[in-house]
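Each residue of the sequence shown is one higher than the one before, starting from 97 at the first, in the numbering used here. C-beta atoms are modelled at their ideal positions from N, C-alpha and C, and glycine is treated no differently. Treat the numbers as computed from the prediction; the structure is a model and nothing was measured. Here's the structure, in structure tokens; my notes come after.
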Amino acid sequence: MPPITTKAQAHEIIDKYEYFLFDCDGVLWLGDHLLPSVKETLDLLRKAKKKIIFVTNNSTKARSDYVKKFEGMGIQEVKKEEIFGSSFASAVYISHILKLSKSKKVWVLGENGIEKELHELGYSTLGGTDPELAMTDTFDANDERFMHLDNDVGAVIAGLTFNLNYLKLSLTTQYLLKDKKSIPFIATNIDSTFPMKGKLMMGAGAIINAVAYASGRKPDAVCGKPNPSMMQSIMAANQDLRANPKKGLMIGDRLNTDMKFGRENGLDTLLVLTGIESSETLSELPIEESPTYYANKLGDLYELCNFQLEYLDIDIMSQEQKEKLEKSGLVEWSVFSELVAMDEDEEEFSKGLCQTFVNQFKDTAEEIDDNLVTKNLEKLSSLGHYLKGSAAALGLKKISSQCERIQNYGHRVNCDNFKPDIPTDENSDDFWIHLIRDAVNKAKTGFAESKAALDEYFEDEL
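Quick look at the structure:
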């Protein structure tokens, strides 16, 4: 499966689909870092009258919260109706799929994002962020709330909450046991963990499993990716997509969630390499699990459609030049050769991609240096993640391997058991900054060597 590397391929994809569904983190942004040409790509799709849908598993935020995040990144055109978080999908599931009467209430084990979405659909909620559920005294099983459960509760939604306590867990369990366990049990998503500030935190799935185990029940529906309930909510609001899923393209950075979500619901899929996956991972996939397309980054759709040839005087490289680059050990030739093959369709295309990467590396390296000074581990991990995907897509393995170290060290994961040459407490930021500096220095060395080899290959300085 070759990558999307030509203007013709990009135009074909844009022309073929009516609906474009996007995962957010790892596709549009990494943390608070907007990825290259994302805004331009979204603008291009809107000008082509395409329908855009954003899909996220984060239930702590409502759609209005995500609109503010987009605006903060300079993307002003996003409407809340285009956003499907697991909080909204859960509310839509209750309204459109369960068709729960508005006279019924919903018990919430979760944050304000769930409450907001239910309120907008006309439902009253109990639990959730109610300050009366904060535990200040010893737990009392004779609490009035246990003795008299609200008979108007017609559904339970459970998701991620940052203010968990025994009272909330126990009350949720009581509603799940009530009326012979007949009250519908909806889970926003079942992710066991999620990353925050360079560490893995307890996810919604771990919390939901606690009340599921206590009540002896499993959720009747899970509304986050890759489960079908999320797509049912999307299709309930987009009837043309329901009628013909092949009008839609799911774009994401993960095989086991985004690509599975699209594939199992009848959509074609586009994997971008700005997230967790790499071209090496793709080569090992069985055909039935492979995405329909893959690209270095989402912004390639815009950049390819607007690609201008800057280099017109160099012939296709000689076999001797190709062999020399391959033997350098700096480039994964099986990946790079796919880009070189595209030069036959668009002259100097591989060179243009390499030039773009050189500029990206220089700019990002400066940003990495700044964040080393401030010891911002989360940002350093995000920047390493970003460069890793860009380098891997070109087959620049010496750079991508070091950027992967930066990404992992920023998450406080010593992926290669690297031992620093100075005694440092592993629990301190200085320990991880020291490891990241080593990876950054080696990435810069790899960049200098790779750029020199590419300069020689193209017989011009990139």
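Using three-state DSSP, classify residue i as helix, strand or coil.
{"i": "SER220", "result": "strand"}
{"i": "THR370", "result": "coil"}
{"i": "TYR398", "result": "helix"}
{"i": "ASP119", "result": "strand"}
{"i": "GLU406", "result": "For GLU406, the pLDDT reaches just 38, beneath the cut-off of 50, and the residue's location in the model is therefore unreliable, leaving the point undetermined."}
{"i": "MET297", "result": "strand"}
{"i": "MET346", "result": "strand"}
{"i": "TYR113", "result": "coil"}
{"i": "VAL576", "result": "Since the first residue shown for the chain is 97 and the last is 558, residue 576 is missing from the structure and cannot be characterised."}
{"i": "ILE412", "result": "Because the pLDDT at ILE412 is just 44, under 50, the model does not fix this residue reliably, and the value given afterwards should be weighed accordingly. Here ILE412 sits in coil by DSSP."}
{"i": "ASN251", "result": "The question names Asn, yet the displayed sequence has Ala at residue 251. DSSP places ALA251 in strand when its eight states are reduced to three."}
{"i": "THR225", "result": "coil"}
{"i": "GLY448", "result": "helix"}
{"i": "ASP459", "result": "helix"}
{"i": "LYS147", "result": "strand"}
{"i": "GLU108", "result": "helix"}
{"i": "ALA185", "result": "helix"}
{"i": "ALA549", "result": "helix"}
{"i": "ALA487", "result": "helix"}
{"i": "VAL204", "result": "strand"}
{"i": "VAL174", "result": "coil"}
{"i": "HIS129", "result": "strand"}
{"i": "ASP336", "result": "helix"}
{"i": "PHE290", "result": "strand"}
{"i": "ASP517", "result": "coil"}
{"i": "VAL509", "result": "coil"}
When the distance is taken between beta carbons, is residue j closer than 8 Å to residue i?
{"i": "LEU492", "j": "VAL436", "result": "no"}
{"i": "ILE286", "j": "ALA300", "result": "yes"}
{"i": "PHE554", "j": "LYS447", "result": "yes"}
{"i": "VAL151", "j": "ASP119", "result": "yes"}
{"i": "LYS538", "j": "GLN498", "result": "yes"}
{"i": "PHE184", "j": "GLU213", "result": "yes"}
{"i": "THR284", "j": "ILE210", "result": "yes"}
{"i": "GLU373", "j": "GLY127", "result": "no"}
{"i": "TYR389", "j": "ILE148", "result": "no"}
{"i": "LEU124", "j": "LEU117", "result": "no"}
{"i": "TRP528", "j": "ARG501", "result": "no"}
{"i": "LYS393", "j": "SER486", "result": "yes"}
{"i": "LEU483", "j": "PHE457", "result": "yes"}
{"i": "PHE235", "j": "TYR262", "result": "yes"}
{"i": "VAL431", "j": "SER478", "result": "no"}
{"i": "MET326", "j": "SER182", "result": "yes"}
{"i": "ALA144", "j": "LEU397", "result": "no"}
{"i": "ALA549", "j": "LEU421", "result": "yes"}
{"i": "THR225", "j": "PHE445", "result": "no"}
For the candidate residues the options, whose alpha-carbon lies nearest to that of residue i?
{"i": "ALA489", "options": "LYS475, ASN340, SER424 and LEU378", "result": "LEU378"}
{"i": "TYR219", "options": "ALA300, LEU140, SER199 and THR232", "result": "SER199"}
{"i": "ALA187", "options": "THR269, ILE253, TYR113 and THR541", "result": "ILE253"}
{"i": "PHE290", "options": "SER155, ALA535 and LYS540", "result": "SER155"}
{"i": "ASP534", "options": "ILE495, LEU550, ASN523 and SER546", "result": "ILE495"}
{"i": "LYS157", "options": "ASN208, ASN238, ILE529 and TYR309", "result": "ASN208"}
{"i": "GLY395", "options": "ASP439, LEU550, THR370 and PHE180", "result": "THR370"}
{"i": "TRP203", "options": "GLY170, THR269 and PRO341", "result": "THR269"}
{"i": "PRO227", "options": "HIS215, MET243, ALA237 and LEU260", "result": "LEU260"}
{"i": "GLU177", "options": "GLU167, TYR162 and GLU385", "result": "TYR162"}
{"i": "ARG142", "options": "GLU173, ILE532, ARG338 and SER160", "result": "GLU173"}
{"i": "ASN238", "options": "ASP248, LEU267, ASN247 and VAL318", "result": "LEU267"}
{"i": "MET243", "options": "ASP233, HIS215 and LYS274", "result": "LYS274"}
{"i": "SER580", "options": "ASN153, PRO516 and PHE445", "result": "Any question about residue 580 goes unanswered here, given that the chain covers just 97 to 558."}
{"i": "GLU360", "options": "GLU380, VAL368, GLU384 and ASP349", "result": "GLU384"}
{"i": "LYS471", "options": "ALA302, ASP525 and ASP248", "result": "ASP525"}
{"i": "THR460", "options": "GLY224, GLY358 and VAL536", "result": "VAL536"}
Which whole-angstrom value is the C-beta distance of residue i and residue j, which I expect to be below 8 Å?
{"i": "LYS277", "j": "SER329", "result": "That pair is no contact at about 24 Å."}
{"i": "GLY250", "j": "LEU196", "result": "5 Å"}
{"i": "PRO315", "j": "ILE304", "result": "7 Å"}
{"i": "VAL454", "j": "LEU345", "result": "Wrong, their Cβ atoms sit about 30 Å apart, outside the cutoff."}
{"i": "LEU400", "j": "LYS103", "result": "5 Å"}
{"i": "LYS201", "j": "LEU229", "result": "LYS201 to LEU229, Cβ: 15 Å. No contact."}
{"i": "LYS264", "j": "LEU217", "result": "The Cβ separation is near 23 Å, so there is no contact."}
{"i": "ALA317", "j": "ILE279", "result": "About 13 Å; that fails the 8 Å criterion."}
{"i": "ALA391", "j": "PRO99", "result": "6 Å"}
{"i": "TYR505", "j": "LEU531", "result": "5 Å"}
Using a C-beta cutoff of 8 Å, does residue i count as contacting chain D?
{"i": "GLY250", "result": "The chain labelled as chain D is not found in the depicted structure, where only one protein chain is given."}
(request) Would you be able to state if there are at least three C-beta pairs under 8 Å between the region 348-357 and the region 329-340? (result) With the cut-off at 8 Å, the region 329-340 and the region 348-357 do not touch.
(message) With three or more C-beta pairs closer than 8 Å as the rule, is the region 104-118 touching the region 464-482?
(response) Contact between the region 464-482 and the region 104-118 is absent, because fewer than three Cβ pairs lie under 8 Å.
(request) Tell me, please, whether the region 357-369 touches the region 133-142 by the rule of three or more beta-carbon pairs shorter than 8 Å. (result) Output reads no: the region 133-142 does not touch the region 357-369.
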